Amino acid sequence: MTKRSIAVALALLLAALAFPLAPSPVMANPGSQPWYLTDFTSGADYLMDRGSGNGGAEVTITTTTPIVWVASLSGTDEASNIVLDMSGDWSVTLSAKGNKANATVHIGTLSGGSFTSKGSTTQALTANLQSWGFTVTTTDHSIAAGDYLAAQISATGADAVIDVLGATNSDSYIISPTAAPDYPGTVTISFTVTDYGSAGINFGSLDPNTSDNAETDQGATFDTGSHTGADSSTVLIDSSATFQTDGVAPGMTVVNTTDGSSGTVSTVDSETQLTLASALTGGSDNTFQSGDSYIIQSGAVKLTVGAETNVNCSIQIKGDALAITIASGTADSGSSSTTLVDADGDFVTNGVQVDDIVINATDSSTATITAVAATQLTFSGGLSGGSDNTFQTGDAYSVREASPAYTIDIGNAKWDTDSDVTGATAMTGTYAQITTSTAGSLTEQAVWHWLTVPSGQVAGDYTGMFYYQAIQQ
Amino acid sequence: MKLIRVGLPILIFTLLLASPAVALAQEEPAKYNFATAQGASNLQVIPGTETKGVIYFYNIDGNRITHISLEVVEAPDNWEVEIDPPLHDIEVSFGGDIITVTENLHAEPTELSSEEIEDVPEGMVSLAIPNRGYALAQPAYIIVRVPESEDVGVTGAIKINAVAEWLGQTGAAAIGQTRDFDFSVRTVYEITEEQIITPGEGFDTGKWLPWIILGVVAIVAIASISALALRRREG
Numbered sequence: 348m349t350k351r352s353i354a355v356a357l358a359l360l361l362a363a364l365a366f367p368l369a370p371s372p373v374m375a376n377p378g379s380q381p382w383y384l385t386d387f388t389s390g391a392d393y394l395m396d397r398g399s400g401n402g403g404a405e406v407t408i409t410t411t412t413p414i415v416w417v418a419s420l421s422g423t424d425e426a427s428n429i430v431l432d433m434s435g436d437w438s439v440t441l442s443a444k445g446n447k448a449n450a451t452v453h454i455g456t457l458s459g460g461s462f463t464s465k466g467s468t469t470q471a472l473t474a475n476l477q478s479w480g481f482t483v484t485t486t487d488h489s490i491a492a493g494d495y496l497a498a499q500i501s502a503t504g505a506d507a508v509i510d511v512l513g514a515t516n517s518d519s520y521i522i523s524p525t526a527a528p529d530y531p532g533t534v535t536i537s538f539t540v541t542d543y544g545s546a547g548i549n550f551g552s553l554d555p556n557t558s559d560n561a562e563t564d565q566g567a568t569f570d571t572g573s574h575t576g577a578d579s580s581t582v583l584i585d586s587s588a589t590f591q592t593d594g595v596a597p598g599m600t601v602v603n604t605t606d607g608s609s610g611t612v613s614t615v616d617s618e619t620q621l622t623l624a625s626a627l628t629g630g631s632d633n634t635f636q637s638g639d640s641y642i643i644q645s646g647a648v649k650l651t652v653g654a655e656t657n658v659n660c661s662i663q664i665k666g667d668a669l670a671i672t673i674a675s676g677t678a679d680s681g682s683s684s685t686t687l688v689d690a691d692g693d694f695v696t697n698g699v700q701v702d703d704i705v706i707n708a709t710d711s712s713t714a715t716i717t718a719v720a721a722t723q724l725t726f727s728g729g730l731s732g733g734s735d736n737t738f739q740t741g742d743a744y745s746v747r748e749a750s751p752a753y754t755i756d757i758g759n760a761k762w763d764t765d766s767d768v769t770g771a772t773a774m775t776g777t778y779a780q781i782t783t784s785t786a787g788s789l790t791e792q793a794v795w796h797w798l799t800v801p802s803g804q805v806a807g808d809y810t811g812m813f814y815y816q817a818i819q820q
Numbered sequence: 118m119k120l121i122r123v124g125l126p127i128l129i130f131t132l133l134l135a136s137p138a139v140a141l142a143q144e145e146p147a148k149y150n151f152a153t154a155q156g157a158s159n160l161q162v163i164p165g166t167e168t169k170g171v172i173y174f175y176n177i178d179g180n181r182i183t184h185i186s187l188e189v190v191e192a193p194d195n196w197e198v199e200i201d202p203p204l205h206d207i208e209v210s211f212g213g214d215i216i217t218v219t220e221n222l223h224a225e226p227t228e229l230s231s232e233e234i235e236d237v238p239e240g241m242v243s244l245a246i247p248n249r250g251y252a253l254a255q256p257a258y259i260i261v262r263v264p265e266s267e268d269v270g271v272t273g274a275i276k277i278n279a280v281a282e283w284l285g286q287t288g289a290a291a292i293g294q295t296r297d298f299d300f301s302v303r304t305v306y307e308i309t310e311e312q313i314i315t316p317g318e319g320f321d322t323g324k325w326l327p328w329i330i331l332g333v334v335a336i337v338a339i340a341s342i343s344a345l346a347l348r349r350r351e352g
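If you read the sequences in order, they're chains A and B.
With our numbering applied, the first sequence covers 348 to 820.
With our numbering applied, the second sequence covers 118 to 352.
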């Protein structure tokens, strides 16, 4: 080969390197997420779509007006579900042009319509459209729940034109750091109701409401014994007790049954010693004396939002009416949407009557009884309000008296966050807020309950359901 | 069958039959835990196809089995929303009795693990619990099917209500928990091609590799032809 042919070959090779014709795709880093800049707008800002997408026109950025792109999905703003730390190295591909223009890409957050940069890189552009790849490193890039991931591009020197079509060059996009969490984040909520009585909300036995407005709290007796220490108004000592093993906890009520005083547990000091939040009150001497008998009542349920809960929560309560169950059992073969058959039933003897309410506890449907036989109930209107509205063999049922005298309205139940009924709130069938919790922190809240029995109420076992919930605010 | 009705009003109203104090003192307090993790709530679907959301349920702070029933309480009229696993009956042995419980799934108390759990039972997942570690979790899938006739660009709101209940409560009021899960599903065009490019510094050699090879081949061919022609002329 001659010198001339070698020179020609080198020239052609350089030409091939200098004037590439078309791209071929390769994949992004696994674990990261891309956002594609578009020319679609949301208010004053443009959208950058998560996952895929591009725009329909070029976007021109003047030297006086930067443009913000806000995180979106399929053309809709997408706020962060939780607090996310998106700090790290962002990969940016920018297809742009601008003779003597510099484009500065900021990545940050958008909150309340205001963009805050958490890192930026400036790229010098050329007159011809070209794809530029570079990194933007963000620090302290925490995005609060409800705020947005956002990018801002500003131009200096001359206007910059951003290609968001991806037709002849690459799309313009940003890719999150590999170690960054998935946007918009997984909402985790853990909520625990601790019931010291291990038996549901326990009101004990109540007198009917008369002029004294009889009330009682959830006073299940939890532990008993007698005081063996020195006289004290705040410290209970029982050398035979196993308070920690038994699960005695702050918030429980200690009653000195000898003098009638009571107080609230502040700390469980040891298996044999408790300290009260304040001195005993309401008794004859308000003192634990050697030999005094005591009982510890659960008093409250404890509501706990776990530390892994990564959103601010509203802790709420509601309740169903309490009613007497006349009969209960399981449905036998032959039952349907309008009949209940229970071979073990004895509906007539047990006093089930027309207009009583039958409840399918398995599918949560109910119906009004229209006919009663020894082992069969008929409800011609059919079951409703449940998942299948049919009694299937094995479904659990209960029958309740329809008369108000057999039902205690939920408004007769109250709740409060201290053990004093004064100021307690009447419950309703819709959720009411008890308190709130902060994302990432353990939150504990004791709740006391009271129940008043209306006058004229028929005696019996009344049962219902109290619901608690922790939901994202 | 249980008979509770009394014929005449009496002065004492028994709201429940409380367990003996001694027995209560020896029991560990009941802890009813309802813990969930909801991933992406914004979903996309091509009309005529389906998309899937997921909610994870776990129970690391409770000491009772959490029975969970799920219900679709809000969805566009002509969309189909299915919950997997569906509502079904299970028989539970409780205190010597066999009880039928209707649920979609239940979460048994499990231990928290500091490391990702490798021995995961079928149908469960090892879920990362923020600030705490890993736990076995039970997934429930929300499958959304959108008719082919649905317009592109439509956003459908779907709300799933979860009710958590626990067996063995004998008080006047049993304790339950509820929680709603919202999904936003948007109809989109079918994506026929996707192009994600590794960023380079202005020029990416790998991106243009096919054309470089083509150029080299052309150069070699031209050089060879030129050399051959020159040799013939000189010869």
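In this text, a Cβ means the ideal position worked out from N, Cα and C, and glycines have one as well.
Predicted model, so just to flag it, every value in this text is computed and none were measured.
Comparing alpha carbon positions, the residue from A/I757, A/T423, A/T581, A/T754 closest to A/D396 is A/T423.
The straight-line gap separating the alpha-carbon atoms of A/D689 and B/D206 is approximately 19 Å. At a cut-off of 8 Å, the C-beta of B/Q155 has a neighbouring C-beta in chain A. Boundaries for A/F694: no beta strand (DSSP E) harbours it, and the DSSP string shows neither H nor E there. Annotation for A/D436: the continuous beta strand (DSSP E) segment containing it runs 435 to 444.
Taking 8 Å as the threshold, the shortest C-beta distance from B/N159 to chain A falls below it. Annotation: Cβ neighbours of A/S421 in chain B (cutoff 7 Å, chain order): Q161, R303, V305. DSSP places A/T468 in the strand class (E or B) of the three-state scheme. Residue contact with chain A for B/T219: present (Cβ-Cβ distance below 8 Å to some residue of chain A). Taking 8 Å as the threshold, the shortest C-beta distance from B/R349 to chain A does not fall below it. For the set B/G293, B/T227, B/E197, the Cα lying nearest the Cα of A/D542 is the one of B/G293. Using a Cβ-Cβ cut-off of 8 Å, B/D268 does not count as an interface residue toward chain A, since no Cβ of chain A sits closer than that to its own. Across the structure, A/K761 and A/T769 are spaced so that their CA atoms are roughly 10 Å apart. The CB of A/A743 comes closer than 8 Å to the CB of I216, T217 in chain B, given here in chain order.
In this structure the segment 625 to 639 of chain A does not lie against the segment 716 to 727 of chain A, because fewer than three pairs of beta carbons, one per stretch, are closer than 8 Å. Three or more Cβ pairs drawn from the segment 276 to 295 of chain B and the segment 144 to 158 of chain B lie within less than 8 Å of each other, which places the two stretches in contact.
DSSP, reduced to helix, strand and coil, places A/Q644 within a strand of the structure shown. Listed in chain order, the beta strand (DSSP E) runs fully inside the segment 388 to 461 of chain A are 392 to 397, 406 to 408, 414 to 420, 435 to 444, 449 to 458, counting runs of at least 3 residues.
Rounded to the nearest whole angstrom, the C-alpha separation of B/T183 and B/P193 is 30 Å. The beta carbons of B/A291 and B/L187 sit no closer together than 8 Å.
Per DSSP, the unbroken alpha helix (DSSP H) holding A/F590 starts and ends at 590 to 593. Closer than 8 Å to the CB of B/T227 there is not a single CB belonging to chain A.
Proximity of chain A to B/I246 at the Cβ level (cut-off 9 Å) is accounted for by T535, S537, G653, E655, in chain order. The C-beta distance from B/E233 to B/Y251 rounds to 5 Å, short enough to meet the 8 Å contact threshold. If you draw a straight line from the Cα of A/T581 to the Cα of A/I781, it comes to about 29 Å. In the three-state reduction of the DSSP assignment, B/G240 falls in the coil class, being assigned neither a helical nor a strand state. Per DSSP, A/N759 lies in no beta strand (DSSP E) segment and is marked neither H nor E. With a threshold of 16 other beta carbon atoms within 10 Å, A/I521 meets it and is buried. In summary, A/E748 is buried, with 16 or more beta-carbon neighbours lying within 10 Å of its beta-carbon over all protein chains present. The beta carbon of A/S579 sits closer than 6 Å to the beta carbons of F635 from its chain, once the five residues preceding and following it are set aside; these are given in chain order. With a 10 Å radius around the Cβ and a threshold of 16 neighbouring Cβ atoms, B/L331 comes out exposed. In the structure shown, B/R303 adopts extended strand secondary structure according to DSSP, grouped into three states. Secondary structure at B/S343: helix, using DSSP grouped into helix, strand and coil. Between the C-alpha atoms of A/G400 and B/A254 there is a straight-line separation of about 34 Å. Going by C-alpha positions, A/A624 is about 14 Å away from A/D767. For B/L284, the secondary structure class from DSSP, reduced to helix, strand or coil, is coil.
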